[in-house]
Amino acid sequence: MSTSFNNSFFNKVRLEFQEFLIIKEKGINEQTKERYLNDFDYYLSNYILEKVMIDDFYNIFNNLKLRDYFSKRKGSTARATITNLVDFFYNNLKLTPEQYLSIKKELRKYSKESNEKIDFLTKTDINFIFSSSVDYRFIDRDKEAKVIAPVIWSLAYHQVFEQTHILKLKITDLRLNEGLIRNLRSDEDGIILKWMNLDERCKEILQEYLNYRNSLKIKSDKLLIIEGKEATNGTINKMLNILNGRVENCNRISTNVHVQKFNRSRIYHALIDTNGHSAIDYIHLLGLKKNTQFDNALKQYLTDINTNNL
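Going letter by letter, the sequence shown gives residues 6 to 315 in the numbering used here.
Shown next as structure tokens:
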């Protein structure tokens, strides 16, 4: 009897896909590779695992899955990841030439969508997300999710951490008593501020989480523990889906939620609140290398000024 793709398949394909990227995308840097893998993890976790029958590789890229994926993933590598994944399966003889061309034709529909208007969470959205009104009922381990999910949302919004940073954070990167958290971007850029001040709301959320984490007696130096294990992209996405996948929550939010949108929304809100003066602060936090979410926020802020929306 046929069974669906499972975690064993996921881990095997993820490793082989990394090797494929290194060969195909010569000169790819570590940060870009991590973005590819974030998109890969998101796609397989949300559309493939336990949802598609083994050997039904063509159905991995059906139009409904692709449409939903591209409606939620707007990053610079979102389309390239899927294109590379299609090439990977074709090169491994999992897709026929006819199927390959059909999927490529479908992907052309989304080549222009990546340039669509980038949206932001409103302050009303943020107030709801960090309120007691969020509904966690019927979620597996809902009591734990109520403590852990806000940590992820707050690190992404208040501290502007990308998903790769959230995964890498260690207990030693946090000095809660001093109100500081280490800026992991400083590992690769000496001009970046090494320690960031914690937002007061983030401090409260982290304190509650640490009290819970300490009760677990987990032997790990990683900060984020979900379901008794070190966090993964899959379990982080599960916490984000509390906001996206529940009618009681998504009906209260103006747009779907992901880490990148938290990042750019925070920067955009700060630019509004400071009449643009916070731009230099974010350069100090993020560095001078291209940062897509900073660029998106600044572009929107300047557009609003030019059209007298602010």
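Ideal placement from N, C-alpha and C gives every residue a C-beta, glycine not left out.
I'd like to check one pair, residue 276 with residue 283: are the Cβ atoms closer than 9 angstroms? As a first step, residue 283 must be located in the sequence shown, where it is residue number 278. As a first step, residue 276 must be located in the sequence shown, where it is residue number 271. Contact flag set, yes.
Bounding residues of the beta strand (DSSP E) (the contiguous stretch that carries residue 181): Translated into positions along the sequence shown, residue 181 becomes position 176. Segment: none, residue 181 is in no beta strand (DSSP E) and carries neither H nor E.
Determine, using beta carbons only, whether residue 258 and residue 248 come nearer to each other than 9 angstroms. On the sequence shown, position 253 is the one that residue 258 refers to. On the sequence shown, position 243 is the one that residue 248 refers to. Against a cut-off of 9 angstroms, the Cβ pair of residue 248 and residue 258 comes out as a contact.
Near residue 360, which residues of its chain fall below 7 angstroms by C-beta distance, leaving aside the five closest residues on each side in sequence? Residue numbering for the chain in the displayed model covers 6 to 315; residue 360 lies beyond these limits and cannot be assessed.
Residues of its chain near residue 25, where Cβ-Cβ distance is below 6 angstroms and the 5 sequence neighbours each way are ignored: Counted from its first residue, the sequence shown places residue 25 at position 20. So the list reads 93, once near-sequence residues are dropped.
With a Cβ-Cβ cutoff of 9 angstroms, do residue 135 and residue 159 count as a contact? What you label residue 135 is simply residue 130 of the sequence shown in a count that begins at 1. What you label residue 159 is simply residue 154 of the sequence shown in a count that begins at 1. For residue 135 and residue 159, yes; Cβs fall inside 9 angstroms.
For residue 231, does the three-state DSSP call read helix, strand or coil? In the sequence shown, the residue the question calls residue 231 occupies position 226. Strand, per DSSP.
Is residue 92 near the ligand ZN, in the sense that its beta carbon is under 8 angstroms from a heavy atom of that ligand? With respect to the ligand ZN, the structure shown offers nothing to examine, as it has no ligands at all.
Is the beta carbon of residue 44 sitting closer than 9 angstroms to the one on residue 87? Against the sequence shown, residue 44 aligns to sequence position 39. Against the sequence shown, residue 87 aligns to sequence position 82. Yes; because the gap between Cβ atoms is below 9 angstroms, this pair is in contact.
What three-state label does DSSP hand residue 77 in the structure shown? By 1-based counting over the sequence shown, the position of residue 77 is 72. In this structure, residue 77 counts as helix in the three-state DSSP scheme.
Note the first and the last residue of the continuous alpha helix (DSSP H) segment covering residue 242. Locating residue 242 in the sequence shown gives position 237, counting from the first residue. Here the alpha helix (DSSP H) through residue 242 covers 238-249.
From residue 194 to residue 22, what distance separates their C-alpha atoms? Here the question's residue 194 lines up with position 189 in the sequence shown. Here the question's residue 22 lines up with position 17 in the sequence shown. In a straight line, the C-alpha of residue 194 is about 28 angstroms away from that of residue 22.
Are there three or more Cβ pairs, one per stretch, closer than 8 angstroms when the segment 262-270 is compared with the segment 191-205? no
Where residue 233 and residue 227 are concerned, what is the direct C-alpha to C-alpha distance, given to the nearest angstrom? Position 228 of the sequence shown, counted from the start, is the residue given in the question as residue 233. Position 222 of the sequence shown, counted from the start, is the residue given in the question as residue 227. Each residue's alpha carbon lies about 12 angstroms from the other.
Fully enclosed by the segment 137-215, which beta strand (DSSP E) runs are 3 residues long or longer? 185-187 and 200-202
On the three-state DSSP scale, how would you describe residue 87? Within the sequence shown, numbered from 1, the residue matching residue 87 stands at position 82. Helix.
Straight-line gap, residue 204 to residue 67 (C-alpha atoms, nearest Å): Here residue 204 is taken as the residue at index 199 of the sequence shown, counted from 1. Here residue 67 is taken as the residue at index 62 of the sequence shown, counted from 1. Spanning the two alpha carbons is a distance of roughly 42 angstroms.
Buried/exposed call for residue 252, threshold 16 Cβ in 10 Å: Translated into the one-based positions of the sequence shown, residue 252 becomes position 247. It counts as exposed.
Starting from residue 287 and walking both ways along the alpha helix (DSSP H), at which residues does that stretch end? Position 282 of the sequence shown, counting from 1, holds the residue named residue 287. That run of the alpha helix (DSSP H) goes 284-291.
Excluding five sequence neighbours on each side, which residues of the same chain lie with their C-beta closer than 8 angstroms to the C-beta of residue 29? Counted from its first residue, the sequence shown places residue 29 at position 24. The residues are 89 and 92.
Within 10 angstroms of its Cβ, does residue 250 collect 16 or more other Cβ (buried), or is it exposed? Taking the first residue of the sequence shown as 1, we reach residue 250 at position 245. Label assigned to residue 250: exposed.
Minimum C-alpha distance to residue 155 - residue among 184, 74, 139 and 305: Start at 1 with the first residue of the sequence shown, and residue 155 comes out as number 150. Ranking the options by Cα distance to residue 155, first place goes to 139.
Buried or exposed: residue 167, going by 16 or more other Cβ atoms within 10 Å of its Cβ? In the sequence shown, counting from the first residue as 1, residue 167 sits at position 162. The residue in question, residue 167, is buried, as its Cβ has 16 or more Cβ neighbours within 10 Å.
Shortest alpha-carbon distance to residue 48 belongs to which of 124, 175 and 19? The residue you call residue 48 lines up with position 43 of the sequence shown. It is 19.
What distance in whole Å lies between the Cβ atoms of residue 150 and residue 268, which are believed to be in contact at a cut-off of 8 angstroms? Working through the sequence shown from its first residue, we reach residue 268 at position 263. Working through the sequence shown from its first residue, we reach residue 150 at position 145. Wrong, their Cβ atoms sit about 22 angstroms apart, outside the cutoff.
Could you work out which residue in 163, 237 and 239 is closest to residue 211 when comparing CA atoms only? The sequence position of residue 211 within the sequence shown is 206, counting from 1. Per the Cα distances, 163.
Quick check on residue 268 - is its C-beta less than 9 angstroms from some C-beta in chain C? Here there is only one protein chain, and chain C is not present.
Residue ranges of each alpha helix (DSSP H) run of no fewer than 4 residues wholly in the segment 249-274, ordered along the chain? 252-255
Give me, in chain order, the residues of the same chain whose beta-carbon lies closer than 6 angstroms to that of residue 191; leave out the 5 immediate sequence neighbours on both sides. Residue numbering aside, residue 191 sits at position 186 when the sequence shown is read from its first letter. Counting only Cβ-Cβ distances below 6 angstroms, and skipping sequence neighbours, we find 197 and 199.
Three-state secondary structure assigned by DSSP to residue 118: Numbered from 1 along the sequence shown, position 113 holds the residue referred to as residue 118. Residue placement at residue 118 is poorly supported in this model, since its pLDDT is 46, which falls under 50; the coordinates still yield a value, given next. Reduced to three states, the DSSP call for residue 118 is helix.
Proximity below 9 angstroms, CB of residue 231 to CB of residue 237: The count along the sequence shown starts at 1 and reaches residue 231 at position 226. The count along the sequence shown starts at 1 and reaches residue 237 at position 232. Their beta carbons are under 9 angstroms apart, which means residue 231 touches residue 237 by this criterion.
Roughly how many angstroms lie between the CA atoms of residue 110 and residue 78, to the nearest whole one? Counting from one through the sequence shown, the residue named residue 110 turns up at place 105. Counting from one through the sequence shown, the residue named residue 78 turns up at place 73. Roughly 19 angstroms between the two C-alpha positions.
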